[in-house]
Every structure is written in structure tokens, then in C-alpha cells.
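Take any residue in the sequence shown, note its place counting from 1, add 1, and you have its number in the working numbering. All remarks here apply to the structure that follows.
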Amino acid sequence: MKKIISTIVFTLFSVLITTAQSVIGVWKTIDDNSGDPKSMVEIYEDSEGKVHGKILKIFNPEKKGVRCTECTGEDKDIPVEGMVFIRNLEKDGDEYNGGIIINPENGSEYKCYIKLTAPDNLKIRAYVGVPVIGRTQHWLRAE
């Protein structure tokens with residue numbers, strides 16, 4: 002009986018740890034200059050196992066209703082809130098890469114990868130060509 006209870010407790014603990022260490026979830030983006038919260042982003046996995054990111058909410062009231070006027074193709078003039086701006090990332094070890102990120106402010110597309118640096122801290126690296134030439138942001142898991 003003790004063995005069964007121990008196994009159940011261990012399994013539940015393992016599930017909790019794994020869940021806490023997933024990139025999947027809602028994240029708060031932080032403005033690089035001011036340090037203020039900028040938006041809420043949902044990172045989710047599709048049925049094919051690819052990971053995407055969708056802007057759920059923009060905090061700045063002056064940017065509510067803004068559209069991606071500089072975007073091209075199917076993203077042209079769509080509302081930034083609700084936009085899937087991270088696309089087609091695939092798990093590769095402890096990070097997700099091979100996809101793109103779109104900057105909704107200017108429509109530029111970059112290669113990117115994301116990686117947990119702590120259970121509640123997500124590193125996002127956007128780059129041109131090779132990861133050395135790019136920009137990094139750190140997002141916080143939303144509560």
C-alpha cells in the first residue's frame with residue numbers, strides 16, 4: 002500500500018514539475034526601454050506539435066485597435082491583438098526553433114527561438130541569419 006501511495010505522489014509531483022517547466026502558457030512581455038508590461042502572449046502547440054505565439058492583450062490604451070499596417074500577405078492590416086506573430090517553432094532539445102517571429106510595429110520577419118531560462122522566465126531570441134546577430138527579450142509567466 003505504501004508503495005502505491007509513493008508511486009502516486011511521485012507521479013503527481015513529476016506532472017506538476019513538467020507542467021511548470023513548459024513554454025506553453027500565457028506570458029507577459031516587457032518593454033525593453035521602460036521595463037513596463039507591454040502585452041500578454043499565449044504560447045500554444047498545434048495538432049502537429051508546432052508551437053506558435055498569439056498576442057492576447059496590449060496594455061497601452063493608445064495602441065488598442067492598432068493594425069499591422071506594415072505586414073504583408075495575410076497579415077496585412079489585421080488587428081495586432083489576436084495576431085499570431087510567432088509561428089512554426091519545433092522542439093529541439095531544451096529550446097524551440099526553426100520558426101519565425103513578426104514585429105507587428107514594422108512588419109519585419111525574423112528567425113527566432115524560445116527557451117525557458119527558469120520556470121517562469123522565457124527567453125525569446127529574434128535574429129537575421131545567425132543567432133549572434135539579433136535581439137533577446139525575457140518574458141514573465143502570467144499569474
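Idealized CB from N, CA, C, for every residue including glycine.
**Request:** Could you check if A127 is buried or exposed, using at least 16 other CB atoms within 10 Å of its CB as the buried criterion?
**Result:** As a first step, residue 127 must be located in the sequence shown, where it is residue number 126. Buried.
**Item:** Uninterrupted beta strand (DSSP E) stretches inside the region 71-133 (no shorter than 3 residues)
**Value:** 85-93, 96-103, 110-119 and 122-128
**Item:** Contacts around K29, its chain only, beta-carbon distance under 7 Å, and the 5 residues preceding and following it disregarded
**Value:** Numbered from 1 along the sequence shown, position 28 holds the residue referred to as residue 29. Closer than 7 Å at the Cβ level, and outside the excluded window around K29, lie P38, M41, W140, L141 and A143.
**Message:** Considering Cα atoms alone, identify which of I134, E106 and V24 is closest to C69.
**Reply:** To locate residue 69, count along the sequence shown from 1; it is residue 68. Closest by alpha carbon: E106.
**Prompt:** Would you report the Cα separation of G94 and G100, rounded to the nearest angstrom?
**Reply:** Here residue 94 refers to the residue found at position 93 when the sequence shown is read from its first residue. Here residue 100 refers to the residue found at position 99 when the sequence shown is read from its first residue. Between G94 and G100, the C-alpha separation is close to 15 Å.
**Item:** Cβ neighbours of I103 in the same chain (closer than 6 Å, five flanking residues each side left out)
**Value:** The count along the sequence shown starts at 1 and reaches residue 103 at position 102. These residues qualify, in order along the chain: F86 and E110.
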